[in-house]
Amino acid sequence: MPQEPQTAGAGALLAILRDGRARTRAELVQLTGLARSTVSQRLDALMQDGWVVPTEDAIASGGRPAVAFVFNESVRVVLAADLGATHARLAVLDLGMSVLAEKAVELHVDKGPRETLDRVVVEFEELLGGLGRDLAQVCGVGVGLPGPVDHSTGRPANPPIMPGWDAFPVPEWLGERLGAPVLVDNDVNIMALGEHWTVGGNTDHLIFIKIGTGIGCGIISGRRLHRGAQGAAGDVGHIQVVSASEEVCRCGNVGCLEAVASGASMAAALRAEGVEAEGSRDVVTLLRAGDTRAARLIRQAGREVGGVMAAIVNFFNPSTIVIGGDIAEAGEHVLAGVREAIYSRSLPLATQHLTIRASRLGDRAGVIGAAAMVVEHVLAPDTIDQSVQTPPVDPAALGG
Ligand SMILES: [Zn+2]
Numbered sequence: 002m003p004q005e006p007q008t009a010g011a012g013a014l015l016a017i018l019r020d021g022r023a024r025t026r027a028e029l030v031q032l033t034g035l036a037r038s039t040v041s042q043r044l045d046a047l048m049q050d051g052w053v054v055p056t057e058d059a060i061a062s063g064g065r066p067a068v069a070f071v072f073n074e075s076v077r078v079v080l081a082a083d084l085g086a087t088h089a090r091l092a093v094l095d096l097g098m099s100v101l102a103e104k105a106v107e108l109h110v111d112k113g114p115r116e117t118l119d120r121v122v123v124e125f126e127e128l129l130g131g132l133g134r135d136l137a138q139v140c141g142v143g144v145g146l147p148g149p150v151d152h153s154t155g156r157p158a159n160p161p162i163m164p165g166w167d168a169f170p171v172p173e174w175l176g177e178r179l180g181a182p183v184l185v186d187n188d189v190n191i192m193a194l195g196e197h198w199t200v201g202g203n204t205d206h207l208i209f210i211k212i213g214t215g216i217g218c219g220i221i222s223g224r225r226l227h228r229g230a231q232g233a234a235g236d237v238g239h240i241q242v243v244s245a246s247e248e249v250c251r252c253g254n255v256g257c258l259e260a261v262a263s264g265a266s267m268a269a270a271l272r273a274e275g276v277e278a279e280g281s282r283d284v285v286t287l288l289r290a291g292d293t294r295a296a297r298l299i300r301q302a303g304r305e306v307g308g309v310m311a312a313i314v315n316f317f318n319p320s321t322i323v324i325g326g327d328i329a330e331a332g333e334h335v336l337a338g339v340r341e342a343i344y345s346r347s348l349p350l351a352t353q354h355l356t357i358r359a360s361r362l363g364d365r366a367g368v369i370g371a372a373a374m375v376v377e378h379v380l381a382p383d384t385i386d387q388s389v390q391t392p393p394v395d396p397a398a399l400g401g
């Protein structure tokens, strides 16, 4: 006897409606191959939890108007936090990924997990209060951290700039206080998710490279984040480059990309020439003020990053490379170097349709990506099927 198709649950119906188009029962019957009575049961279950609402305007079909149903993006909200070393961006989004409220705050992760996350909870409550919403409407929380994270547990794994955070149970700690599931990943991965969300279904393979204090990249392969066996995928900052053969990296090795092309290394090079520069933002500020030394360093950094990316393009064949992080603010100054190296050293077939561009989301990439990670989890058909109450399918209705 044929089984009810896997795509038959309430979650699968919701997945169809998530594109924002209203559909009638008849259209949903046609799209799913389910019996009309089964579609009605699923819709009732989804409406009971508010995931789906009937639209105001009925759609005319065959002379008689029929009720249509649409995904209710505002039924729940998502909380997103992108924590950097000294600053954090926090946002409340709806399920359609619209930012309802956001703020940037000074927050030092080296104060340890409890003090930092306490503040995150307070800021989230304030943002929700400003919207007239409360924690009961939160369906999930996404957090990006500036260090390695074991994605399966959501716990930081020996993060170099986060004393006291190693193996701290971030999801449990926040989940207890916010009353919703919490997903945690490193900042570059969530930024890659954010940029991939902006291009949606048009891009299967994308590399997001962040050039800030350090250098790292997030990999979208087949529309999914590729984290690797231990979550260490994308750590391109410590790939060896020839021009850095004399430079000692913060990791202890000699010759890393980060030692010549990161914001920290460029600031150090400027200081060695007597120019005041503390970090990556200062390098960009100097560039904008017309400093030719900063311009030269940024162009060279672009070429160094491009050289490593050229190898990655040959190996991985992405369709899009997005440059983000503070140094991406240098725009064409850094992109020109990246393009130059990639086009001169990658195989023509791999670069034929390759797009290399700056981040579209800028500072927002992290919170958008953190929210996208949560929405994909919360609205996954399996998760929805478990959360809504649907009566067992009447065998007589199958195939009807
Ligand atoms: Zn290194």
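Per our numbering, the sequence shown starts with residue 2, numbered consecutively. Even for Gly, the Cβ is constructed at its ideal location relative to N, Cα and C. These figures come from a predicted structure and were not determined experimentally.
For a minimum of 4 consecutive residues, which ranges assigned as the alpha helix (DSSP H) are wholly contained in the region 287–325?
293–317
Nearest-residue set for ligand 1, Cβ under 6 Å from any heavy atom
HIS239, CYS250, CYS252, ASN254, CYS257 and GLU259
Residue burial classification, ARG22 (beta-carbon count within 10 angstroms, cutoff 16)
Counting from 1 along the sequence shown, the entry for residue 22 is found at position 21. Exposed: under 16 other Cβ atoms inside 10 Å.
Any contact of the region 177–193 with the region 201–214, i.e. 3+ C-beta pairs under 8 Å?
yes
Apply the 10 Å Cβ neighbour rule to GLN4 and answer buried if 16 or more other Cβ atoms are within range, or exposed otherwise.
Counting from 1 along the sequence shown, the entry for residue 4 is found at position 3. Confidence at GLN4 is low in this model, with a pLDDT of 45, below 50, so its placement is unreliable and the value that follows should be read with caution. Exposed.
If you draw a straight line from the alpha carbon of PRO6 to that of ALA36, how long is it in whole angstroms?
Indexing the sequence shown from 1 puts residue 6 at position 5. Indexing the sequence shown from 1 puts residue 36 at position 35. Residue placement at PRO6 is poorly supported in this model, since its pLDDT is 47, which falls under 50; the coordinates still yield a value, given next. Approximately 12 Å, taken between the alpha carbons.
Give the straight-line distance between the Cα atoms of ARG134 and LYS112, rounded to the nearest whole angstrom.
Mapped onto the sequence shown, residue 134 falls at position 133. Mapped onto the sequence shown, residue 112 falls at position 111. Using only the alpha carbons, I get a separation of about 29 Å.
I want to check one thing, is the minimum distance from the CB of VAL314 to the heavy atoms of ligand 2 below 6 Å?
Ligand 2 is absent from the structure shown, which contains only ligand 1.
Kindly indicate which three-state DSSP category ARG272 falls into: helix, strand or coil?
Mapped onto the sequence shown, residue 272 falls at position 271. Note: ARG272 maps to helix in three-state DSSP.
Closest by CA to ALA371, which one among LEU32, HIS197 and HIS109?
Locating residue 371 in the sequence shown gives position 370, where the first residue counts as 1. Here the closest residue by C-alpha is HIS197.
DSSP state of ASP386 mapped onto helix, strand, coil
The residue you call residue 386 lines up with position 385 of the sequence shown. Three-state result, ASP386: helix.
Using 10 angstroms around the beta-carbon of GLN42, count the other beta-carbons present and answer buried if the total reaches 16, otherwise exposed.
The count along the sequence shown starts at 1 and reaches residue 42 at position 41. By the 10 Å Cβ count, GLN42 comes out buried.
Identify whether GLU1 lies in helix, strand or coil by the three-state DSSP scheme.
Within the shown structure, residues of the chain are numbered from 2 to 401, placing residue 1 beyond reach of any answer.
Buried or exposed by the 16-neighbour rule on C-beta atoms within 10 Å, applied to SER246:
By 1-based counting over the sequence shown, the position of residue 246 is 245. Classification of SER246: exposed, given that the 10 Å Cβ count is below 16.
On the three-state DSSP scale, how would you describe ILE17?
Here residue 17 refers to the residue found at position 16 when the sequence shown is read from its first residue. Looking at ILE17 - three-state DSSP - the assignment turns out to be helix.
Can you tell me where the alpha helix (DSSP H) with ALA27 in it begins and where it stops?
Here residue 27 refers to the residue found at position 26 when the sequence shown is read from its first residue. ALA27 -> alpha helix (DSSP H) spans 26–33.
Whether GLY141 touches PRO182 by CB criterion (7 Å)
Your numbering for residue 141 matches position 140 in the sequence shown. Your numbering for residue 182 matches position 181 in the sequence shown. Against a cut-off of 7 Å, the Cβ pair of PRO182 and GLY141 comes out as a contact.
Which residues in the same chain as ARG358 place their Cβ atom closer than 8 Å to its Cβ, once the five residues preceding and following it in sequence are excluded?
Taking the sequence shown and counting its residues from 1, the one referred to as residue 358 is at position 357. Contacts found: THR321, ILE322, VAL323, ILE324 and LEU336.
Whole-angstrom distance between PRO160 and PRO149, CA atom to CA atom:
For the purposes of this step, residue 149 is taken as the residue at position 148 of the sequence shown. For the purposes of this step, residue 160 is taken as the residue at position 159 of the sequence shown. In a straight line, the C-alpha of PRO149 is about 6 Å away from that of PRO160.
Are the beta-carbon atoms belonging to LEU47 and LEU91 less than 7 Å from one another?
Along the sequence shown, read from residue 1 onward, the residue named residue 47 stands at position 46. Along the sequence shown, read from residue 1 onward, the residue named residue 91 stands at position 90. It is not a contact, given that the beta carbons lie outside the stated cut-off.
According to DSSP, what are the bridge partners of ASN187?
In the sequence shown, residue 187 corresponds to position 186, counting from 1. LEU146.
LYS420 bridges to which residues according to DSSP?
This structure cannot settle anything about residue 420, because the visible part of the chain is limited to 2 through 401.
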